[in-house]
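Remarks on the structure that follows.
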Amino acid sequence: MGGEAWNPVRGERVKARTASGSEVVRRVWDVSERLVFLCSERQFRQLIDGVQTSPIVGFPKRDVFRLV
Numbered sequence: 003m004g005g006e007a008w009n010p011v012r013g014e015r016v017k018a019r020t021a022s023g024s025e026v027v028r029r030v031w032d033v034s035e036r037l038v039f040l041c042s043e044r045q046f047r048q049l050i051d052g053v054q055t056s057p058i059v060g061f062p063k064r065d066v067f068r069l070v
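When we follow the numbering used here, the leftmost residue of the sequence shown carries the number 3, and every step to the right adds one.
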């Protein structure tokens, strides 16, 4: 594919492939070496506001894509 490596950042909207193979649009909360931690729009607003929310889900980096 070529080009520069893409590193998602907090708040970015991305597309992710679920374990069942469907695609969802989520917001990035955090990134680790192998995972991108994603949450819904509602969860993202709650996290920003410091409100306790349900756990965010880590997706393998290979299953997270730039939303174009």
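Even for Gly, the Cβ is constructed at its ideal location relative to N, Cα and C. Computed from a predicted structure; not experimentally measured.
Which residue from the options puts its Cα closest to that of residue i?
i	options	result
Phe-39	Val-59, Val-11 and Asp-51	Val-59
Asp-1	Ser-24, Arg-19, Gln-45 and Val-11	Outside the displayed range of the chain (3 to 70) lies residue 1, so it cannot be described from this structure.
Pro-57	Phe-67, Gln-48 and Arg-64	Gln-48
Please report the distance separating the alpha-carbon of residue i from that of residue j.
i	j	result
Asp-51	Gly-13	13 Å
Ala-21	Pro-62	10 Å
Thr-55	Lys-17	21 Å
Val-53	Glu-43	14 Å
Trp-19	Glu-25	One point to set straight first is that residue 19 is Arg, not Trp, in the sequence displayed. Arg-19 and Glu-25: Cα-Cα distance of roughly 5 Å.
Going along the chain, which residues of its own chain have a beta-carbon closer than 7 Å to the beta-carbon of residue i, five neighbours each way excluded?
i	result
Arg-15	Val-27, Arg-29 and Leu-69
Helix, strand or coil for residue i, going by three-state DSSP, please let me know.
i	result
Asp-32	strand
Leu-49	helix
Using only the heavy atoms of the ligand PLP, determine whether one of them is closer than 7 Å to the beta carbon of residue i.
i	result
Gln-48	Absence of the ligand PLP is noted for the structure shown, with no ligands found whatsoever.
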